[in-house]
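Novice:
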Amino acid sequence: MSATIGLLRDELAACCERIDRPLQLMEVCGTHTVSLFRSGVRSLLPASLRMVSGPGCPVCVTAQRHIDAAIELAQRDGVLIATYGDMLRVPGRAGSLERLRALGARVLVVNSARTALQAAREDRGTDVVFLAVGFETTAPATAAVLLEAERGGDENFSVLTSHKRVVPAMLALLTAGEVPLDGFLCPGHVSVIIGAEAYRPIVERHRKPCVVAGFEPEQMMRGILALARQVESGRAALENVYRGVVSDDGNRVAQALMRRVFVAADTPWRALGTLRESGLDLSPAYRRFDAMRRFGVHVGEDVDDPECRCGEVIQGKVEPAECPLFATRCTPLTPIGPCMVSSEGTCAAWHRFERGARSRRAARFPQEVLR
Amino acid sequence: MIARDAASEAVRPADVRKASAFAAGSSDEFIVLAHGGGGELTQRLIQEHVLPDLANPILAPLTDGAVMEPIDGEIVFTTDSYVVTPIEFPGGDIGRLAVCGTVNDLAVMGAEPVAIGLSLIIEEGLPLRTFDRVMASIVATAAEVPVRIVTGDTKVIERRSGDGLLINTAGIGRRRRGTVIGLERIEPGDAILINGTIADHGLTVMSTRHGIEFDSELRSDAAPLYGLIHTVMASGVDVHFMRDATRGGLAGVLADICEGRGVTAVVEESRIPMTSTSRHAAEMLGLDPLTVANEGKVVLVVAQSHVEQALACLRGHPFGRRAEVIGTISDAQSPLAELVTRIGGRRIIPRPYGEDLPRIC
Chain D
1 MSATIGLLRD ELAACCERID RPLQLMEVCG THTVSLFRSG VRSLLPASLR MVSGPGCPVC
61 VTAQRHIDAA IELAQRDGVL IATYGDMLRV PGRAGSLERL RALGARVLVV NSARTALQAA
121 REDRGTDVVF LAVGFETTAP ATAAVLLEAE RGGDENFSVL TSHKRVVPAM LALLTAGEVP
181 LDGFLCPGHV SVIIGAEAYR PIVERHRKPC VVAGFEPEQM MRGILALARQ VESGRAALEN
241 VYRGVVSDDG NRVAQALMRR VFVAADTPWR ALGTLRESGL DLSPAYRRFD AMRRFGVHVG
301 EDVDDPECRC GEVIQGKVEP AECPLFATRC TPLTPIGPCM VSSEGTCAAW HRFERGARSR
361 RAARFPQEVL R
Chain X
372 MIARDAASEA VRPADVRKAS AFAAGSSDEF IVLAHGGGGE LTQRLIQEHV LPDLANPILA
432 PLTDGAVMEP IDGEIVFTTD SYVVTPIEFP GGDIGRLAVC GTVNDLAVMG AEPVAIGLSL
492 IIEEGLPLRT FDRVMASIVA TAAEVPVRIV TGDTKVIERR SGDGLLINTA GIGRRRRGTV
552 IGLERIEPGD AILINGTIAD HGLTVMSTRH GIEFDSELRS DAAPLYGLIH TVMASGVDVH
612 FMRDATRGGL AGVLADICEG RGVTAVVEES RIPMTSTSRH AAEMLGLDPL TVANEGKVVL
672 VVAQSHVEQA LACLRGHPFG RRAEVIGTIS DAQSPLAELV TRIGGRRIIP RPYGEDLPRI
732 C
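Heads up: the sequence lines are chains D and X, in that order.
Reminder that position 41 of the first sequence reads as 41 in the working numbering, one-by-one numbering, no gaps.
Position in the second sequence (first residue = 1) + 371 = the working numbering.
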């Protein structure tokens, strides 16, 4: 173990001991969830500190209706769906894109919005629909490509947009108040775009500590320690241990791009319902690129498997192992909820790293003792 | 079989290719369905693009089956199929993969590769030049081992996914009687070794597929490992178990060991060799390098008392320069592979599920 990590671990343990009550922190971002597991940081945390995952996995928070719309489009003649890989296995009412692809639908996995536009340019006879999902991390890229499509007159390109904003979801969780939280480990990637100051309302309105951290083990340990120290001293402050990468104001160019192409809109989230100004819709000037309008897709109501608890998982209300489907009917090979599909999903991470139950914290650490 | 109708024609020298007079712009540049029809075009494909480089006394008569000398020892027989997109990538191509994969399957069984059978399933539209490059790569890799390609077949199918070429192989190996290498020989206390950096192949293919470039070049590690493994075994190292870490990566082999033998494998992340480019690429694609495919890596389980010797043998070979002892086998609480992470934390190394999906952000 490196000396620094050892030191951080010891300081954190001492701090948690002084706090002398269970502590519950939320890592908002799916990449944090996975990094905490993969790096072994979770195994170094004191027993009284619990990290719960938040609504920061883009695939997991995408409402069922968007998946269904994508699947409906994939079945139309002359349409090619271009999607990030994570969306491939998310089950909709009529199966997943992966299944449709096996049955002959045209589904292309892309790493960027630009690749989707390229596909449209290479095949003018095909309508390419890009599934624009993700937080403010991927939204600027969608915006940039739409500007490009506008300039290039790429009329066979459109987007099915369900971009989300991270801060409104955090605020909604706090307003609902159903999950006791002592603070937020704020996502590194999104914060590069929106800036650390974006979390100010959480600190000021809800008096919750917020610390922006990167994804290296040392970064995450520092972030968690900073949160614990705030709790210990009864403070709620906005801290940024990812300086140099995340600035206070974020990336203004990317923000301007988003402002030009998108407008904030009330958007449905899986399990959270429709949250005020929590998503990004195409602004009037770019609505002609909206696949929903162009193809007249009708989206029904969201129908989730009644036993699936993904909705509670992404709000940090339950841990995956508390879901009756976890590792029984719902596995990475047969995912029922999106939390099991995405590589960043909480259930997938648990299934990968916590099976075999080395630390069944849920059992020793019931929710009631918190606060 | 490789066009036995052509058996009466003598094998022509390679330069005939240039002089071939197919209709311009069509079948002289691309494989067409007729190349698989068994007629004139098939003959020419075999004679001009397959045989010139590949010919050996067993293959050359183009009989229905290869007739070989008797084998002294146990016969090890294997088969494998190769499907990769794109078919050419930095560090190799589907041809090199096919030979390496077959040879490595034999070698980890403790066998010396004797002969390979090669079936080429070609999609129409594959440029003949690409086909020639793949054939040359097959020949070069086979010579590197060395192993003979003694029988084969070609078929042409309609254009499908556009991958161009699929290969199926069979391999025959010879192994000393009484050789015992297997899961059942793994014991607590044994050391786990690997012959070099992991994840290079899978990351190379994936980033080529997605058109992602990195500062320094990623290269597939595709390599035939018979020579390396032979060096270790011939030196008297008591190898308890070997497996090449292909699909499923290092994690897949560790899961095989733990589940198959009912032991715990404890592996130290900081000792697993990896290039910084691969580390960076895996991070960017959101992939766990432990689960990414290799095509030139073998995991060896050897008795502790033989570790130094095994390591010295591996490092003395070009395909083992960066060999490391990465972990040990311990008594099982539960049959799981465990990783001591770079920062000293611990986590499970799960068996990978299937296709790795690059993440969103």
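C-beta: ideal position from N, C-alpha, C; glycine also.
Which runs of the alpha helix (DSSP H) at least 4 residues long sit entirely within the segment 430-514 of chain X? Give them in chain order.
Specialist: Whole alpha helix (DSSP H) segments, 4+ residues: 465-479.
Novice: If you measure between the beta carbons of PHE382(D) and VAL159(D), is that distance less than 8 Å?
Specialist: Nothing in the structure corresponds to residue 382(D), since chain D is present only between 1 and 371.
Novice: Is the Cβ of ARG121(D) closer than 8 Å to any Cβ of chain X?
Specialist: With 8 Å as the cut-off, ARG121(D) does not count as an interface residue toward chain X.
Novice: Below 8 Å between beta carbons: does that hold for THR126(D) and LEU282(D)?
Specialist: Contact: no.
Novice: Can you find a CB in chain D that lies within less than 8 Å of the CB of GLY496(X)?
Specialist: With 8 Å as the cut-off, GLY496(X) does not count as an interface residue toward chain D.
Novice: Under 7 Å Cβ to Cβ from ILE557(X), same chain only, skipping five residues before and after it: list those, please.
Specialist: Answer for ILE557(X): HIS611, PHE612, ILE628, ARG632, VAL634, VAL672, ILE700, listed in chain order.
Novice: Straight-line CA distance for VAL318(D) to LEU25(D)?
Specialist: Taking the straight line from one Cα to the other gives about 14 Å.
Novice: With 8 Å as the limit, tell me which residues of the segment 543-575 of chain X have their beta carbon closer than that to any beta carbon of chain D; keep them in chain order.
Specialist: Answer set for the segment 543-575 of chain X: empty.
Novice: Among the candidates ASN566(X), PRO428(X), ALA507(X), PHE448(X), whose CA atom is the shortest distance from the CA of ALA329(X)?
Specialist: Residue 329(X) lies beyond the range of chain X shown here (372 to 732); nothing can be said about it.
Novice: Who are VAL52(D)'s beta bridge partners in DSSP?
Specialist: According to DSSP, which records beta bridges pairwise, VAL52(D) is partnered with MET26(D).
Novice: Quick one: give me the first and last residue of the alpha helix (DSSP H) that SER578(X) is part of.
Specialist: Segment 571-580, the alpha helix (DSSP H) holding SER578(X).
Novice: Taking 7 Å as the limit between beta carbons, can you name the residues of its chain near ALA149(D), skipping five residues before and five after?
Specialist: Counting only Cβ-Cβ distances below 7 Å, and skipping sequence neighbours, we find LEU117, PHE157, PHE289.
Novice: The segment 205-218 of chain D: which residues have C-beta closer than 8 Å to a C-beta of chain X, in chain order?
Specialist: Result list: PRO217, GLU218.
Novice: Would a check of beta-carbon distances place THR441(X) closer than 8 Å to chain D?
Specialist: As written in the sequence, residue 441(X) is Pro, which differs from the Thr given in the question. Chain D contact via Cβ: absent.
Novice: Consider the Cβ of ILE5(D): report whether some Cβ of chain X lies at a distance smaller than 8 Å.
Specialist: Closer than 8 Å: yes.
Novice: Out of curiosity, what's the CA-to-CA distance linking LEU412(X) and THR450(X)?
Specialist: The straight-line gap from Cα to Cα measures roughly 28 Å.
Novice: How long is the line joining the alpha carbons of VAL261(D) and SER191(D), rounded to whole angstroms?
Specialist: Taking the straight line from one Cα to the other gives about 20 Å.
Novice: Cβ closer than 9 Å: which chain X residues qualify as neighbours of GLY40(D)?
Specialist: Correct list: GLU640, LEU710, VAL711, THR712, ARG713, ILE714, GLY715, GLY716, ARG717, ARG718.
Novice: Of all Cβ atoms in chain X, is any one closer than 8 Å to the Cβ of ASP10(D)?
Specialist: With 8 Å as the cut-off, ASP10(D) does not count as an interface residue toward chain X.
Novice: MET1(D) touches chain X at which residues, Cβ-Cβ below 7 Å?
Specialist: What MET1(D) touches in chain X: ILE714, GLY715.
Novice: Give the residues of chain D in contact with ILE520(X), contact being defined as C-beta atoms less than 9 Å apart.
Specialist: Under the 9 Å cutoff, chain D gives no residues; its nearest Cβ is about 34 Å from ILE520(X).
Novice: If distances are taken between C-alpha atoms only, which option among ARG294(D), ARG65(D), GLY30(D), CYS29(D) comes closest to THR274(D)?
Specialist: The residue with the shortest Cα to Cα distance from THR274(D) is ARG65(D).
Novice: Could you give the distance in angstroms between the alpha-carbon of GLU344(D) and the alpha-carbon of PRO559(X)?
Specialist: Approximately 35 Å, taken between the alpha carbons.
Novice: At a Cβ threshold of 8 Å, is PRO595(X) touching chain D?
Specialist: Answer no: the Cβ-Cβ gap between PRO595(X) and chain D never drops below 8 Å.
Novice: Output the residue ranges of the alpha helix (DSSP H) runs that lie fully inside the segment 101-154 of chain D and measure 4 residues or longer, sorted by chain position.
Specialist: Entirely contained in the segment 101-154 of chain D, the alpha helix (DSSP H) runs reaching 4 residues are, in chain order, 113-122, 139-152.
Novice: What is the DSSP secondary structure of VAL670(X), counted as helix, strand or coil?
Specialist: In the structure shown, VAL670(X) sits in a strand (DSSP, three-state: E or B).
Novice: Any Cβ of chain D within less than 8 Å of the Cβ of ILE583(X)?
Specialist: ILE583(X) counts as touching chain D.
Novice: For chain X, is any of its Cβ atoms less than 8 Å away from the one on PHE130(D)?
Specialist: Chain X contact via Cβ: absent.
Novice: Using the rule of at least 16 other Cβ atoms within 10 Å of the residue's Cβ for burial, across every protein chain shown, is SER112(D) buried or exposed?
Specialist: SER112(D) comes out buried.
Novice: Identify every residue that forms a DSSP beta bridge with PRO268(D).
Specialist: Beta-bridge pairing links PRO268(D) to THR274(D).
Novice: Taking Cβ positions only, does TYR724(X) come closer than 8 Å to chain D?
Specialist: For TYR724(X), the answer is yes, since a Cβ of chain D falls inside 8 Å of its Cβ.
Novice: Should SER96(D) go down as buried or exposed, given a rule of 16 or more other Cβ atoms within 10 Å for buried?
Specialist: By the neighbour-count rule (16 or more Cβ atoms within 10 Å), SER96(D) is buried.
Novice: Alpha carbon to alpha carbon, what distance is there between ASN240(D) and ALA119(D)?
Specialist: Their backbone Cα atoms lie some 39 Å apart in a straight line.
Novice: I'd like to know whether the C-beta atoms of THR617(X) and ASN665(X) end up nearer to each other than 8 Å.
Specialist: Yes, the Cβ-Cβ distance between THR617(X) and ASN665(X) is below 8 Å.
Novice: What is the DSSP secondary structure of GLY409(X), counted as helix, strand or coil?
Specialist: GLY409(X): coil per DSSP, three-state reduction.
Novice: Measure the alpha-carbon distance for GLY337(D) versus MET221(D) and round it to whole angstroms.
Specialist: Taking the straight line from one Cα to the other gives about 30 Å.
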